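Visitor:
Numbering (my numbering), first residue to last: 50 to 150.
1) Taking a contact to mean a Cβ-Cβ separation below 8 Å, would you say residue 110 touches residue 73 in this structure?
2) If you compare alpha carbons, which of 121, 116, 148, 67 is closest to residue 132?
3) Check each candidate in 116, 53, 134, 70 and name the one with the smallest Cα separation from residue 85.
4) Hey, which unbroken runs of the alpha helix (DSSP H) at 4 residues or more fall wholly within the segment 85-145?
5) Can you check whether the CB of residue 59 is closer than 8 Å to the CB of residue 100?
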């Protein structure tokens, strides 16, 4: 399992346009083979920061996503709506289990 987490700082005046771009990329990405989760959420302490959570079955699935036309379009649309550099981290993990059993 591959996890991708991070944040996108949004320009306050561009928040609505940024959320539209996120909705569009989510719509396409959630149906991609190997995608188990593709979620963005506004930070509870800063509603101009988006939190990223992705789960991928394999390198191949993540690489195909990153090479897709809809992801390229998202990068194009979101770029001028950011208030700074995105912080995105990839995590590689082999197993998972419920935290509370």
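Glycine residues also receive a C-beta, built at the ideal position from the N, C-alpha and C atoms.
Since this is a predicted model, take the numbers as computed values, not measurements.
Guide: By the coordinates alone:
1) Against a cut-off of 8 Å, the Cβ pair of residue 73 and residue 110 comes out as no contact.
2) Checking every option, the nearest Cα to that of residue 132 belongs to 67.
3) If you compare the alpha carbons of 116, 53, 134, 70 with that of residue 85, the shortest gap goes to 53.
4) Listed in chain order, the alpha helix (DSSP H) runs fully inside the segment 85-145 are 108-115, 118-127, counting runs of at least 4 residues.
5) Judged by beta-carbon spacing, residue 59 lies beyond the 8 Å limit of residue 100, meaning their Cβ atoms are not closer than that value.
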